Amino acid sequence: MTTPVEPATRKRVLKVIFFSLLLDLISFTFILPLFPKLLEFYRNVEAPLDPSAPPSKTLLSTVLGYLNTYKASFARPIDSRYDIVLLGGALGSLFSLLQAIASPIIGHFSDRYGRRTALLLSMTGNILSVLLWVMATDFRTFLASRIIGGLSEGNVQLATAIATDISDPSKRGSTMALIGACFSIAFTFGPALGAWLSTFSTVAANPFATAAGVSLTLIVVETLYLYFCLPETLPALTQKTQPTGVQTNGTETEEKKPATTTTPVAVHRTNSHFILNFTHLSFLLFFSGMEFSLPFMTYDLFGYDSSKNGRLLGFVGLIASLLQGGVTRRLPPLLSVRIGVVACLLAFIMLGRINTVLGLYGAATLLATTSATVVTGLNALSSFESHEGERGGKLGMLRSWGQLGRGLGPVLFTSVYWWAGREVAYGIGALGMSWVAMLVMYTLRTPPGSERVKTAKVVADEKKEL
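Residue numbers (the numbering used here): 73 to 538.
Below is the structure:
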């Protein structure tokens, strides 16, 4: 039987996970608002639009040729201003599909060799990825950076596994919400900070080197912080020995005494992992498509530029942060998922019909509710269906299915958007989200232990964690 984690240890590990994940996600979001200008820079250098320029035989010109062929397959003409957006979407899909491949491998590795070891190896890949971005004076190097990043990024799923290791069932939902809050905070401030840093051009051959350099600094600081402050949390490793001291960076401070190795406790399956994974894939397939198409819609309807879209995304992040800290952590995971999916369905319906900025921000509030609830709740539900020796692999598989949906969603959704128009695209999205709503309402059940009893002690513990 697993020995409960002491409250002081749990609080210390949660602090490390929260701040390290926050650094990681802020660094990750730097590049999001830069994609259009960044890719435009590479296109101007390697595949200029000037017809008098000599033909280019670079990797970028070849990729753009394939994208133009794809554009030409649509009955409705697609303006050339979308070329960069198409390329950015293709790179985003590539990153997500690579994550779909890597996530189960990283998860199973952490189940065998430990969360700390897997996380530090993942950080090594992240450092290499961002270092290549700093040095990316051509598109080929930048593409290599994104490929390495997609294959090595494991921080989110490993942070989720660590949080599960140290949390008992009654606190698991609030712990997952704390991780979700990192996303909301990072997406509130990270893109704006990245856009501001891009205004400082320190290297002529790579105008975005300043933003990349600060991103690299954050990743290195995060890695050092994890190395010195994060203990191992995998129960199979931590409970083979009972320490009389504290182990933080792989060096024992005091002698350990032998203890009996525990065997994993059998888990009573309430929800099928296949259903959870399929729900995650279905949800992100439609949600990510809407998310990716939003800047196109705001441009077409309201003439929004990047700064106005940035303010809109900042509003979504702010509302999601408030919901994560004040509401989501108090909800049972299944209820959290159901609320988020219904909010997403209503957002699809609104986005297909709105004609005012007020309506846009109303739909954005619903999207913030979705961002604050669904993925957090699904992660918690999956953790309830896994024993301690398989959590990394199960959570990795859940993320893999989700990333597959995130990789396919933007391409499919924007294709319908360009082919049939906004109303049809968001109408199909609403039908798809109705299907997801039926899944979460009628096929998922509440796992034992996920319903929380609100005692004065639980409330006090939550306040201390926050």
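Quick reminder that beta carbons are idealized off the backbone N, C-alpha and C, glycines included.
No experiment lies behind these values; they were computed from the predicted model shown.
The beta carbon of S287 is closer than 6 Å to those of S99, F102, V202 in its chain, skipping five residues each way along the sequence. Under the three-state reduction of DSSP, A277 is assigned to coil, being neither helix nor strand.
For the options V483, Y514, F146, the alpha carbon positioned closest to that of F359 is the one of V483. Under a 10 Å Cβ-count criterion, R218 is classified as buried, with 16 or more other Cβ atoms of the shown protein chains found around its own Cβ.
By the 16-neighbour rule on beta-carbons within 10 angstroms, G221 is buried. DSSP, read as helix, strand or coil, puts G161 in helix. Counting along the chain, the unbroken alpha helix (DSSP H) around H352 starts and ends at 345-374. In the structure shown, E495 adopts helical secondary structure according to DSSP, grouped into three states. Between the alpha carbons of N349 and L467 lies a distance of about 9 Å. The alpha carbon of A419 has as its nearest neighbour, out of G504, F167, I347, the alpha carbon of G504. The distance from the Cβ of A502 to that of F485 is about 12 Å, inconsistent with a contact at the 8 Å cut-off.
At a Cβ-Cβ threshold of 8 Å, I173 and L230 do not count as neighbours. Fully enclosed alpha helix (DSSP H) runs of no fewer than 4 residues occupy 463-492 of the stretch 454-510, in order along the chain. Put simply, the stretch 247-263 touches the stretch 379-389. At least three CB pairs are less than 8 Å apart. Taking C-alpha positions only, E118 is separated from L110 by approximately 12 Å.
Between the stretch 226-245 and the stretch 370-383 there are fewer than three inter-stretch CB-CB distances shorter than 8 Å, so the stretches are not counted as touching.
The C-beta separation of A281 from T274 comes to about 6 Å, placing the pair in contact by the 8 Å criterion. Between P519 and the set P307, L407, T141, the nearest pair of CA atoms involves L407.
Taking a C-beta distance under 8 Å as the contact criterion, G252 and T442 do not qualify as a contact pair. Sequence-distant partners of L139 (beyond 5 residues in either direction) whose C-beta falls short of 8 Å from its own C-beta, in its chain, are D155, L158, L159, A162.
Taking C-beta atoms as the reference points, L403 and A283 fail to come closer than 8 Å. Going by beta carbons, G226 and A190 fall inside the 8 Å limit. The closest CA to that of E294, considering only T271, S194, L511, is found on S194.
For D237, the enclosing alpha helix (DSSP H) stretches over residues 227-237.
Going by beta carbons, M422 and G412 fall outside the 8 Å limit. Under the three-state reduction of DSSP output, S270 falls in the coil class, being neither helix nor strand.
Around the Cβ of P307, a 10 Å sphere holds 16 or more other Cβ atoms; the residue is buried. A distance below 7 Å between beta-carbons, with the five flanking residues on each side excluded, links R410 to the following residues of its chain, in chain order: V512, M513.
Residues of the same chain with a CB within less than 6 Å of the CB of D96, apart from the 5 flanking positions on each side, are N227, E294 in chain order. For I291, same chain residues with a beta-carbon under 8 Å away, outside a window of 5 residues either side, are L95, D96, S99, M195, N198, I199, V202 in chain order. In the three-state reduction of the DSSP assignment, D240 falls in the coil class.
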